[in-house]
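Chemist: My structure is below; once you've seen it, I'll send some questions.
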Amino acid sequence: MVTCFRIDTSIFCARSQIRLWRKDLYLLELVRYIHLNPLRAGIVGELKGLDTYPYCGHYALMGKTEPGFQDVDYILNLFGGKVLE
2 MVTCFRIDTS
12 IFCARSQIRL
22 WRKDLYLLEL
32 VRYIHLNPLR
42 AGIVGELKGL
52 DTYPYCGHYA
62 LMGKTEPGFQ
72 DVDYILNLFG
82 GKVLE
């Protein structure tokens, strides 16, 4: 059974909202895992080193290079931030 609620003229279905929430959490954890790989592998010595390592997605998130295939704005919005200029 799907429980739906009417809030501000919009219908929110509990089951589908939970699925979307879980997918967002999974994506956040996946991005964290991938972007911290150079640190875990010892390629960079500390977290700040990711800003200077050009072969990882974190470098693009910090605005140091063109993002290429990575949707930087989407990922940063998931974390509640934006590229600083």
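Numbering-wise, my numbering comes out as the position in the sequence shown, counting from 1, plus 1.
Note that the Cβ used here is the ideal one computed from N, Cα and C, for glycine as well.
As the structure is a prediction and not an experimental result, all values here were calculated from the model.
Rounded to whole angstroms, how far is the Cβ of valine 32 from the Cβ of proline 39, which I believe are closer than 8 Å?
Modeler: Not quite, the Cβ-Cβ distance comes to about 14 Å (not below 8 Å), so this is no contact.
Chemist: In or out: cysteine 5 buried (at least 16 other Cβ within 10 Å) or exposed?
Modeler: Here the model assigns cysteine 5 a pLDDT of 46, short of 50, so the residue's position is not dependable and the matter cannot be decided.
Chemist: Do you know offhand how far leucine 77's Cα is from aspartate 52's?
Modeler: Between leucine 77 and aspartate 52, the C-alpha separation is close to 15 Å.
Chemist: What residue does the alpha helix (DSSP H) around glycine 73 start on, and which one ends it?
Modeler: According to the sequence displayed, residue 73 carries valine and not glycine. Segment 73-79, the alpha helix (DSSP H) holding valine 73.
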